[in-house]
Every structure is written in structure tokens, then in C-alpha cells.
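Under our numbering, think of the first position of the sequence shown as 2, with each following residue one higher.
Note that the Cβ used here is the ideal one computed from N, Cα and C, for glycine as well.
Nothing here was measured: the structure is a model prediction, and the numbers come from that model.
This report concerns only the one structure given below.
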Amino acid sequence: GDQELVPDLEKERCDRYFVYQNYDSNTTTYKGRKRRRVFMGSLIADDSWHTLATIAMETYGIYTAVAFVESNRTQTGIPRKSRFVEGTLDHKLLVESNLFGPETEVLIEHFSHEEKVDGMGLIR
């Protein structure tokens with residue numbers, strides 16, 4: 002868990018991503034730290050499963066939690082049907098399949114906006 006660090010396990014985990022040694026860990030002033038939790042968040046809409054699977058494979062088991070926000074409108078304000086609604090196959094695959102790792106919680110938050118979107122000159 003997060004209560005106790007296992008140096009060999011942490012070294013193996015970190016070696017997958019970092020090629021440098023932490024200089025402070027080799028000095029007498031180094032104090033062991035609690036393991037950090039890492040999170041990812043993103044908007045999600047009509048992303049392909051190829052893209053989602055690629056991200057999941059490259060980061061498998063790294064994140065404590067992954068959070069997605071799905072809106073009922075595109076970024077230009079056009080209405081769209083929500084894809085990752087609870088009870089759908091897409092929701093089940095994304096949330097319950099351990100796509101991002103066996104201990105990574107995947108959350109989906111739905112955002113509904115029914116008013117006119119003001120793109121402040123950015124929407125063409």
C-alpha cells in the first residue's frame with residue numbers, strides 16, 4: 002500500500018520511466034517519502050478505442066485514478082449524444098475492464114450545458 006515503501010519495488014516501478022538517479026537519495030540528508038499518487042484527467046467524446054487503448058497500454062498500472070469528463074455538447078456548442086452513459090457497453094469497457102490497470106479506478110463525470118455557447122470569437 003501507500004503506508005510503507007518497498008525500495009526494490011519502487012526502483013523497478015520508477016526505472017520504467019526515469020533514467021537518472023536521485024542524487025539526494027545517496028546523501029545522508031535524504032528522508033524517505035510516502036509514495037506519491039498519480040492521477041490523469043481528460044475530456045472524452047468520440048475518441049477511438051485505438052487511441053484509448055494506446056494511452057492505457059503506455060500508462061498501464063501507473064495512475065491511481067483516471068477521470069474523464071463527457072459533455073452533451075461539442076467544444077463548438079453542437080449537441081451530441083453522450084457515449085459513456087452507465088449501462089452502455091462503452092461505459093462498461095472503459096470503467097470496469099481494468100483497461101488502465103488492475104488497481105486504477107476509472108471515473109466518468111457527465112457535464113450538461115443547454116445554453117448558447119459563447120466561444121469569444123474562437124468558434125468559426
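The beta strand (DSSP E) with alanine 57 in it runs from where to where?
Run containing alanine 57: none in the beta strand (DSSP E); it sits in the alpha helix (DSSP H), 50-59.
Need the endpoints of the beta strand (DSSP E) that leucine 108 sits in, please.
Taken as a continuous stretch (DSSP letters only), the beta strand (DSSP E) holding leucine 108 covers 106-112.
DSSP three-state assignment for glutamate 116, whether helix, strand or coil:
In the structure shown, glutamate 116 sits in coil (DSSP, three-state: anything other than H, G, I, E or B).
So, for proline 80: in the same chain, excluding its five sequence neighbours on each side, which residues have a beta-carbon less than 8 Å away from its beta-carbon?
Close CB contacts of proline 80 within its chain, under the 8 Å cut and outside five residues either way in sequence, are with Asn73 and Arg74 (chain order).
Is it the case that the Cβ atoms of phenylalanine 112 and tyrosine 61 are separated by a distance below 9 Å?
Going by beta carbons, phenylalanine 112 and tyrosine 61 fall outside the 9 Å limit.
Does DSSP classify leucine 6 as helix, strand or coil?
Leucine 6 falls in the coil class under three-state DSSP.
Taking all protein chains shown into account, do 16 or more other C-beta atoms lie within 10 angstroms of the C-beta of threonine 105, making it buried, or fewer, making it exposed?
By the C-beta density criterion, threonine 105 is buried, having at least 16 other C-beta atoms within 10 angstroms.
Which same chain residues, not among the five before or five after aspartate 47, have their C-beta less than 8 Å away from its C-beta?
Correct list, in chain order: Arg81 and Arg84.
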